[in-house]
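Asker:
Numbering (the working numbering), first residue to last: 330 to 1342.
#1: If you draw a straight line from the C-alpha of residue 1324 to the C-alpha of residue 994, how long is it?
#2: Using a Cβ-Cβ cutoff of less than 7 Å, which residues in the same chain neighbour residue 972 once the five nearest sequence positions on both sides are dropped?
#3: Evaluate residue 1341 with the Cβ neighbour count: other Cβ atoms within 10 Å of its Cβ, from every protein chain shown; 16 or more gives buried, anything less gives exposed.
#4: Would you say the beta carbon of residue 1076 comes nearer than 7 Å to a heavy atom of the ligand ADP?
#5: Which class does residue 1342 belong to by DSSP, given the choice of helix, strand or coil?
#6: Got a sec: is the Cβ-Cβ distance from residue 614 to anything in chain C below 8 Å?
#7: If you scan the segment 893 to 955 from start to end, which runs of the beta strand (DSSP E) of 3 or more residues do you find wholly inside it?
#8: Which residues mark the beginning and the end of the beta strand (DSSP E) in which residue 1269 is found?
#9: Leaving out five residues before and five after residue 1199 in sequence, what residues of the same chain have Cβ atoms less than 6 Å from its Cβ?
#10: Closer than 8 Å is the cut-off here; do at least three beta carbon pairs connect the segment 1243 to 1255 with the segment 1211 to 1223?
#11: Return the bridge partner residues of residue 485 from the DSSP annotation.
#12: Under 6 Å Cβ to Cβ from residue 603, same chain only, skipping five residues before and after it: list those, please.
#13: With three or more beta-carbon pairs closer than 8 Å as the criterion, would you say the segment 576 to 593 touches the segment 518 to 530?
#14: Rounding to the nearest angstrom, what Cα-Cα distance links residue 1138 and residue 992 in this structure?
#15: In chain order, which continuous runs of the beta strand (DSSP E) of length 3 or greater are located wholly inside the segment 1003 to 1080?
#16: The alpha helix (DSSP H) spanning residue 1147 covers which residue range?
#17: What does residue 504 pair with, by DSSP beta-bridge criteria?
#18: Terminal residues of the continuous alpha helix (DSSP H) containing residue 1115?
#19: DSSP beta-bridge partners for residue 1133?
#20: Short of 6 Å in beta carbon distance, which residues of its chain neighbour residue 615, apart from the five on each side in sequence? Order them along the chain.
#21: What residue range does the beta strand (DSSP E) around residue 999 cover?
#22: For residue 811, count neighbouring C-beta atoms within 10 Å of its own C-beta (all shown protein chains included) and say buried if the count is 16 or more, exposed if not.
#23: Touch check for the segment 910 to 929 and the segment 938 to 949: three-plus C-beta pairs under 8 Å?
#24: If I follow the unbroken alpha helix (DSSP H) through residue 402, where does it start and stop?
#25: From residue 448 to residue 382, what does the alpha carbon distance come to, in whole angstroms?
#26: Nearest to residue 839 by alpha carbon, out of 876, 769 and 1279?
#27: In three-state DSSP terms, what is residue 328?
#28: Look at the alpha carbon of residue 856 and the alpha carbon of residue 799, and state the distance between them as a whole number of angstroms.
#29: Which residues in the same chain as residue 1048 place their Cβ atom closer than 8 Å to its Cβ, once the five residues preceding and following it in sequence are excluded?
#30: Using the beta-carbon count (16 or more within 10 Å), is residue 748 buried or exposed?
#31: Tell whether a beta-carbon distance below 8 Å holds between residue 1095 and residue 1057.
#32: Taking 8 Å as the threshold, find out whether the segment 1236 to 1243 comes into contact with the segment 801 to 815 through three or more Cβ pairs.
#33: Quick one: what does DSSP say residue 644 is sitting in, helix, strand or coil?
#34: Between the segment 844 to 855 and the segment 1183 to 1198, do at least 3 Cβ pairs fall closer than 8 Å?
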């Protein structure tokens, strides 16, 4: 077939252009995202019950839910955290299961458990999704000189700005926080009510009568049908003040006996941007929208806002499109740099400008056509698929180099050019196809990795496979045609005068000397080197640090602070403001979320009124680290009771891969029936601290509650119920919401209370009013019915499928984990109050290493089967695969020396080199077999094969190494992720080249010495 198409250059060119055009179109069509679209196996259940404490929440709400949810099939883990007024239950699905079905079953289980729960809103269920992460946040603040009112700006942001942004096609929703709410407060004059003989209950009924609503009423008028509505006139504070009620024979208005005012509702949380009060909008994109289009639409809309509303300032923060554009543009630059470096190497070795031009031109052509195939397969452009393409750049030219070098060599030996092209292609096509298949084979097991890792790296495996297969097709079908077209007018190969001066004669003589030494010492080298490599690999696997992913460079972070004190929202804001002042000049942007937040989705986590999160954006990673050290010292010195930590700003990559637990977590589970008690936990933690004073153990987070203890005997005497006491406290604390009135598209609560909720006045100045037998009003002082005391309890209560436990986090080096576990178990079980179970990242990381080792073994087995089929031998594949043992040992040792951990990327690097490093050995052994089959002695065949293939082996190895060199620059997410894999590939290819050239022939000679094939 090849001989027939050599003279059809135009036809080949036209067919090639068709695929190039299709590839160019596909590049514009392919979706662009940070990582592949994957299902995240987590479901979160959020429970809201404002009247329940953390312990009550755990006992009466979380426990029934937990007992119901733990029965779900394929549930891997369940963790519940109860706080005052809320609880969060996180369910982890077994890897490989369908998240959608799991989500449905969780909802069904909650519906079944609802009858056993108190009267609370139905728990909300959220399925973790890539689209949950906001594309960016928009902070809206008043300009310094605007003199505007924040409440008006808050209403405007909620009613106008967010609605206009939601109208954009690329926006799914706009979540909002930091708004100020309104309330209508009614403060009765108790003296006037007493003089009129009106109790507080009667007054409350008079107010409630002003809010009348009818529903589901209809009226028929002949053949027409109408709905009936009753419009209440109470729609403002003034309306409520003018409501009439009867007091005996008198007709009064509410305003005559009470003060009715509309005011900002008491805030439990707020947002700040660069030191100013702000409203924060979280913009969530449509799942099918492209990030770039969303960014353009939002930028255009903000420009319009800037012109239309000059008193407002809009600041975009936590921009996911920035991270995406930077990471992908960095990878594209790396691809271009790799292509340039590869082309330079080819020109230097080929000694003319025509044949390297063929190899260099094959790179972009193969890449463009590969995008067409990826588009057909539904693979998106992301940092995973682009890194796979970058790896493929170095590998795709290997076959082109080998083919051009072989054709040129046959032509130089006097063979006619046409025969050299056809026979040279036929000679190496089998070995080239085998090398492509072996490279692709090592990526097949990666697809079968459990869970998210397998889903994520499916794109990398597919992209590398597609690139290599397309490049192989271009090499075999296109390069020979253009080689014939370029050189058919020449009688012989004519190297460039400049490049012809480069002589490899000295290098070949050095090669013969080293090869002779290996052949002379083959009896001990063929055993000692693999055994030493196995020992080195075993030591490295045992003692190197293990983690899920390598450290990634960020220029922003989130400081999460729990003051661990009973601070008000005002004090919380004051402390955050002091931190903002300290950071002036150190950061480019600050956003603070103080106290509880109003987001519908849990963008800020489950913060309480005594917690805050501070988003910090710096110009570079070094400045960020300095800022973190500075803040840690200041917080520890100024607020020693506070508990704080750092988290990466939310992005989809962190959502998928972030470690959700410390290195080691000891779950202290009480053995008795009393449950978790503060004193018992304090004693257990003290015992652990004594066992390991150097271990970093956080303080137990406790809270103090004010407890009102009633006197049941006196309550019965005066005819007072617990509902009366509760209403008394609600009125005193402005928590008695009577009803809600509608103002525009907002609901404003109408609250009956007092103008002060100070603790020391609640008992001394509060009364319960009751009618005696004669109809007279009797005022019973609250201090006679109950007393005030203080109780201490856990701020949050954690439970799992096995029940409640106290999570003791131990963030220690992985090598110390086994010893630490034994010490903690001895310390805790000595008190006989607790059992200990374990969880943490250490266990998942060990499982990851075990899984990757199994994948490596499967990959090696696949390689053996492919090589055995090619060479029709059961021994020669073992000769070639012996190289993998040496490469893995050296690669792990170099990683350890460079301080790189064993992680997912470095382990994938080991799998990758297992496939690509043996390609050179395949060529070498194949050439030796051909020469030996032609009658040459093994020693001479080894030297001759080396002379024929050493240049091609060096070129293919150098081009592969150069293709990953750009990853060593680091500084971006894409480069940081690929850095460990780049080191493994560089070391593996460097050592592998030496092994292929010298060690493999020595093993071949040791096995086949004294006999002919």
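By construction, the Cβ of each residue, glycine as well, lies at the ideal position given by its N, Cα and C atoms. For clarity, every value in this text was computed on a predicted model and none was experimentally measured.
Answerer: In terms of the structure at hand:
#1: As a first step, residue 1324 must be located in the chain shown, where it is residue number 995. As a first step, residue 994 must be located in the chain shown, where it is residue number 665. A straight-line Cα-Cα distance of about 45 Å links residue 1324 and residue 994.
#2: Along the chain shown, one-based indexing puts residue 972 at 643. The residues are 891, 893, 1027, 1028 and 1030.
#3: What you label residue 1341 is simply residue 1012 of the chain shown in a count that begins at 1. The pLDDT assigned to residue 1341 is 49, lower than 50, so where the model puts this residue is not dependable, and the model offers no usable value.
#4: Here there are no bound small molecules, and the ligand ADP is not part of this structure.
#5: Residue numbering aside, residue 1342 sits at position 1013 when the chain shown is read from its first letter. With a pLDDT of 44 at residue 1342, under the threshold of 50, the modelled position of that residue is not reliable, and the figure given next carries that caveat. In this structure, residue 1342 counts as coil in the three-state DSSP scheme.
#6: Of the protein chains in the structure, only one exists, and it is not chain C.
#7: Runs of the beta strand (DSSP E) lying entirely within the segment 893 to 955 and spanning at least 3 residues, in chain order: 918 to 924 and 940 to 946.
#8: For the purposes of this step, residue 1269 is identified with residue 940 of the chain shown, where counting begins at 1. Run containing residue 1269: none in the beta strand (DSSP E); it sits in the alpha helix (DSSP H), 1267 to 1293.
#9: Start at 1 with the first residue of the chain shown, and residue 1199 comes out as number 870. Cβ within range, chain order: 763.
#10: Verdict: yes, contact present.
#11: Here residue 485 is taken as the residue at index 156 of the chain shown, counted from 1. Answer is none; residue 485 lacks a bridge partner.
#12: For this step, residue 603 is matched to residue 274 along the chain shown. Excluding positions up to five away in sequence, the list reads 919.
#13: Counting Cβ pairs under 8 Å, three or more are found: they touch.
#14: Here residue 1138 refers to the residue found at position 809 of the chain shown. Here residue 992 refers to the residue found at position 663 of the chain shown. One C-alpha to the other measures close to 8 Å.
#15: Listed in chain order, the complete beta strand (DSSP E) runs (minimum 3 residues) inside the segment 1003 to 1080 are 1031 to 1039 and 1065 to 1072.
#16: For the purposes of this step, residue 1147 is taken as the residue at position 818 of the chain shown. That run of the alpha helix (DSSP H) goes 1146 to 1158.
#17: Mapped onto the chain shown, residue 504 falls at position 175. DSSP, once it has assigned bridges, lists 611 as partnering residue 504.
#18: By one-based count along the chain shown, residue 1115 stands at place 786. Note, residue 1115: premise wrong, no alpha helix (DSSP H); beta strand (DSSP E) at 1115 to 1123.
#19: Position 804 of the chain shown, counting from 1, holds the residue named residue 1133. Beta-bridge pairing by DSSP links residue 1133 to 1128.
#20: Here residue 615 is taken as the residue at index 286 of the chain shown, counted from 1. Once the five neighbours on either side are set aside, the close Cβ partners of residue 615 are 499 and 501.
#21: Indexing the chain shown from 1 puts residue 999 at position 670. 993 to 999 is the extent of the beta strand (DSSP E) around residue 999.
#22: For this step, residue 811 is matched to residue 482 along the chain shown. Residue 811 should be labelled buried.
#23: Contact holds: three or more Cβ-Cβ distances are below 8 Å.
#24: Taking the first residue of the chain shown as 1, we reach residue 402 at position 73. Element bounds for residue 402: n/a, residue is neither H nor E.
#25: Taking the chain shown and counting its residues from 1, the one referred to as residue 448 is at position 119. Taking the chain shown and counting its residues from 1, the one referred to as residue 382 is at position 53. Between residue 448 and residue 382, the alpha-carbon positions lie close to 15 Å from each other.
#26: Position 510 of the chain shown, counted from the first residue, corresponds to residue 839. Of the listed residues, the one whose Cα sits closest to residue 839 is 1279.
#27: One cannot answer for residue 328 here, as it falls past the ends of the chain, which runs 330 to 1342.
#28: If you number the chain shown from 1, residue 856 lands on position 527. If you number the chain shown from 1, residue 799 lands on position 470. In this structure, the straight-line span from the alpha carbon of residue 856 to that of residue 799 is close to 39 Å.
#29: Indexing the chain shown from 1 puts residue 1048 at position 719. Short of 8 Å from the beta carbon of residue 1048, and not among the five residues preceding or following it, lie these beta carbons of its own chain, in chain order: 1099.
#30: One-based indexing of the chain shown puts residue 748 at position 419. Exposed is the call here.
#31: One-based indexing of the chain shown puts residue 1095 at position 766. One-based indexing of the chain shown puts residue 1057 at position 728. Contact flag set, yes.
#32: A contact is defined here as three or more CB-CB pairs under 8 Å, and the segment 1236 to 1243 fails this definition with respect to the segment 801 to 815.
#33: In the chain shown, the residue the question calls residue 644 occupies position 315. In this structure, residue 644 counts as strand in the three-state DSSP scheme.
#34: The segment 844 to 855, when compared against the segment 1183 to 1198, does not touch it at the 8 Å Cβ threshold.
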